[in-house]
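**Q** Protein chains in written order, with this note's numbering: chain L, 16 to 359; chain Y, 16 to 359. One structure coming up, written as structure tokens, with questions to follow.
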DNA sequence: ATGAAAGCGCTAACAC
DNA sequence: GTGTTAGCGCTTTCAT
């Protein structure tokens, strides 16, 4: 717990070279004669020397750290995407600094400050206030202040700001779902959970209504059950749906949590899924896989999603020209929660 | 995306004071006359100046960063504990640097290196190789090399190393479970999932066997179903148990995932939980809350657990004297998955 | 209370 | 190729 840190000066001295030479073998940015290189490398191994990242960053003004601000890592969706980002970042030689917003605006702000103090090379924001349909202007200002200095990437909306956006194509998801459900003969389709004030949910609602029309299905106000994103909300909304005189034959849950809640409500009411009612969800987290029955769910290919996020960040850091807005195309993973519509 | 960074020199100049004075108002480590302090603070606000954390760390050799190495943040147990740590760390003025080991030893090692390069003030390790019953000696050496310089805290075993341990009291958990189950009249109790090579599981097994004796229950080899920690394993092991001529009336699942798998197996076999068989689990993650039925589970009070971890780290950093080994006492959260044993 | 100056450990011109 | 030197932005003696 003491033992002073070894530096490039120590290495240089013992190797009989200058600190610059040691630095050169460390960064590989310049040629060094094989003899000296080996001498230095030997000592590095001998002392298990690791350069001080602080000093390095201070000197070259690049930290090789990417700030990752997520809503709540305890949510499997964010966890999946975060890990994907961490892996992709590692591959590109970057480290991730992960912070949770936890629905606390002050925390979110202070974490943003922290990232800035840490001089991260870019910040990637997933979830949090960036998802709001109407962006808080004070927040937008905060983001803009940061995005003037470093690239800012979001999976949300954040309008009024100058940042890169990589959004899930919710419209395409909904289209896919309708194609699938109608192909199974469903005509009474409900949409469960989510809040209109969240951009992605808003888009889903719009598209849901549009598609109901397009497929000539009769739109029922009661089939649109607003809730939040929790299992509890899914449970509650599903009960409402089941109590309707004409309950839907298929329900689209806004995420896996609400789908699990819906499953619980159905089980309690003696309604079998998928025999009596089909359920389909968004996100395809591990919950889809472990629920009973397993959920048919919209997947975003987290590995690729994370990679693209990191790729945008890295290119932006390098000042490469990249589009400000991009989409990730979802995919439908078919499991056991949907089946042919039954006449009832 | 350009705009040069503002520094304490800029602030000092405009305020007509020396950089040292600006530093003093920043750190609050020394007295500054009210007039100058206000002038400086005004400019800090005006420019929204944030000191460069790299420079600061370089200078005072404290980064105020805690390295958090976890097995896999996608696992709700680790997610819960990590968030608790992050919150506690924030409260103490520390930032957390979170890395996943992902069951990849090379990744784990390189993440440890990364933390060292980043000169974190301490590393806290949760899960990963630290959990192994018999610690890998090369790994122990690696840890020791680090723990000579900075405090190392683990929730695992890691013997042969000099680090602080905060372990869950698995023996107490098991005792609690037995008290509860036997009070419900259960005498045929199985233990499902987990691998003996993992310390905490090994301890659970030992205690299980001991308690079977103590309560004068007949120990059945087949009631000890080794598996891993996945839902799949829980499912498979539960099927085995249900096929026994004398199946258990209660099963203790090693964690929530295996319990969920067991639930699924039971449902499939038409065995009702808890009417026909009781299930109890460890970890009390959100899965216990959303499963059907809700699981009775052993809880660790994540908030307090995380706080203690951080507290140990912080005290160790300050060279305060603290015990090398401590325990966290679990608690039983009773929900709907256990009931009175039925004669069958 | 305040300023000057040294130094934290490294990188990157700049000479040779 | 290699060494010398000047920072990177901050904190902290040490004087005053």
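C-beta atoms are modelled at their ideal positions from N, C-alpha and C, and glycine is treated no differently. Quick caveat: nothing in here was measured; it's all calculated off a predicted structure.
Can you tell me the Cα-Cα spacing of residue 96 (chain Y) and residue 320 (chain Y), whole angstroms?
**A** 7 Å
**Q** Out of Y:179, Y:79, Y:281 and Y:201, state which residue places its alpha-carbon closest to the alpha-carbon of residue 335 (chain Y).
**A** Y:179
**Q** Check for me: the alpha helix (DSSP H) holding residue 249 (chain L) runs from which residue to which?
**A** 246 to 258
**Q** With a threshold of 8 Å between beta-carbons, can residue 97 (chain Y) be considered close to chain L, or not?
**A** yes
**Q** What residue range does the beta strand (DSSP E) around residue 114 (chain Y) cover?
**A** Counting along the chain, the beta strand (DSSP E) containing residue 114 (chain Y) begins and ends at 110 to 115.
**Q** Going by the CB atoms, is the gap between residue 116 (chain L) and residue 149 (chain L) shorter than 8 Å?
**A** no
**Q** Check each candidate in Y:327, Y:24 and Y:143 and name the one with the smallest Cα separation from residue 121 (chain Y).
**A** Nearest C-alpha to residue 121 (chain Y): Y:143.
**Q** With distances taken Cα to Cα, identify the nearest neighbour of residue 33 (chain L) among L:147, L:54 and L:19.
**A** For residue 33 (chain L), the nearest C-alpha among the options comes from L:54.
**Q** Could you give the C-beta distance for residue 313 (chain Y) and residue 181 (chain Y), rounded to a whole number, given that I count them as a contact under 8 Å?
**A** Incorrect: roughly 17 Å between the Cβ atoms, too far for contact.
**Q** Once you ignore the five residues that flank residue 298 (chain Y) on each side, which residues in its own chain have a CB closer than 6 Å to its CB?
**A** 92, 270 and 271
**Q** Could you check which residue in L:30, L:65 and L:246 has the C-alpha nearest to that of residue 51 (chain L)?
**A** L:30
**Q** Taking C-beta to C-beta, are residue 356 (chain Y) and residue 233 (chain Y) nearer than 8 Å?
**A** no
**Q** Check the Cβ of residue 158 (chain Y) against every Cβ in chain L and list those closer than 8 Å, keeping chain order.
**A** In chain order: nothing, as chain L lies at least about 13 Å away.
**Q** Anything in the segment 272 to 287 of chain L with a Cβ closer than 9 Å to a Cβ of chain Y? List those residues in chain order, please.
**A** 272, 275, 276, 278, 279, 282 and 283: these are the residues of the segment 272 to 287 of chain L whose beta carbon lies less than 9 Å from some beta carbon of chain Y, given in chain order.
**Q** Compare the Cα-Cα distances from residue 147 (chain Y) to each of Y:203, Y:204 and Y:215 and report the closest residue.
**A** Y:215
**Q** Inspect the beta-carbon positions of residue 311 (chain Y) and residue 332 (chain Y) and report whether they are closer than 8 Å.
**A** No, the Cβ-Cβ distance between residue 311 (chain Y) and residue 332 (chain Y) is not below 8 Å.
**Q** So residue 92 (chain L) contacts chain Y; which residues on that side make the cut at Cβ distance below 9 Å?
**A** In chain order: nothing, as chain Y lies at least about 10 Å away.
**Q** Looking only at its chain, what residues have a beta carbon closer than 6 Å to the beta carbon of residue 45 (chain Y), apart from the 5 residues adjacent to it on each side?
**A** 39
**Q** From residue 24 (chain Y) to residue 159 (chain Y), what does the alpha carbon distance come to, in whole angstroms?
**A** 41 Å
**Q** Take residue 273 (chain L) and list the residues in its own chain whose beta-carbon comes closer than 8 Å to its own, dropping the five residues that flank it on each side.
**A** 207, 208, 209, 242, 244, 245, 246, 248, 249, 252 and 296
**Q** At a CB-CB cut-off below 8 Å, which residues of chain L make contact with residue 253 (chain Y)?
**A** Near residue 253 (chain Y) there are no residues of chain L at all, since even the closest Cβ is about 13 Å away, more than 8 Å.
**Q** Using the Cα positions of residue 353 (chain L) and residue 289 (chain L), report the straight-line distance between them to the nearest angstrom.
**A** Looking at the backbone, the Cα of residue 353 (chain L) and that of residue 289 (chain L) are separated by about 5 Å.
**Q** Please state the DSSP three-state secondary structure of residue 37 (chain Y).
**A** helix
**Q** Nearest chain L C-beta to residue 56 (chain Y) closer than 8 Å, yes or no?
**A** no
**Q** Does the beta carbon of residue 139 (chain Y) sit closer than 8 Å to a beta carbon anywhere in chain L?
**A** no
**Q** Could you tell me which of Y:278, Y:119 and Y:293 sits nearest to residue 196 (chain Y), measuring between CA atoms?
**A** The shortest C-alpha separation from residue 196 (chain Y) is found at Y:293.
**Q** What's the C-alpha gap between residue 16 (chain L) and residue 162 (chain Y)?
**A** Below a pLDDT of 50, predicted positions are generally treated as unreliable, and residue 16 (chain L), at 46, falls in that range; no measurement from the model is reported.
**Q** Taking the alpha carbon of residue 177 (chain L) as the point to measure from, which residue in L:318, L:339, L:348 and L:141 has its own alpha carbon closest?
**A** Comparing Cα-Cα distances from residue 177 (chain L) to each of L:318, L:339, L:348 and L:141, the minimum goes to L:339.
**Q** Just the Cα atoms here: how many angstroms apart are residue 256 (chain Y) and residue 187 (chain Y)?
**A** 25 Å
**Q** Any C-beta of chain L sitting closer than 8 Å to the C-beta of residue 262 (chain Y)?
**A** no
**Q** Exposed or buried, what is residue 73 (chain L) when buried is set at 16 or more other beta-carbons lying within 10 Å of its beta-carbon?
**A** buried
**Q** Check for me: the beta strand (DSSP E) holding residue 45 (chain Y) runs from which residue to which?
**A** Unbroken run through residue 45 (chain Y): none, as it is neither H nor E.
**Q** For the beta strand (DSSP E) that residue 140 (chain Y) lies in, which residues bound it at each end?
**A** 137 to 141
**Q** Would residue 68 (chain Y) be called buried (16 or more neighbouring beta carbons within 10 Å of its own) or exposed?
**A** buried
**Q** Please confirm whether residue 336 (chain Y) has its beta-carbon closer than 8 Å to some beta-carbon of chain L.
**A** no
**Q** Kindly indicate the opening and closing residues of the alpha helix (DSSP H) around residue 218 (chain L).
**A** 214 to 229
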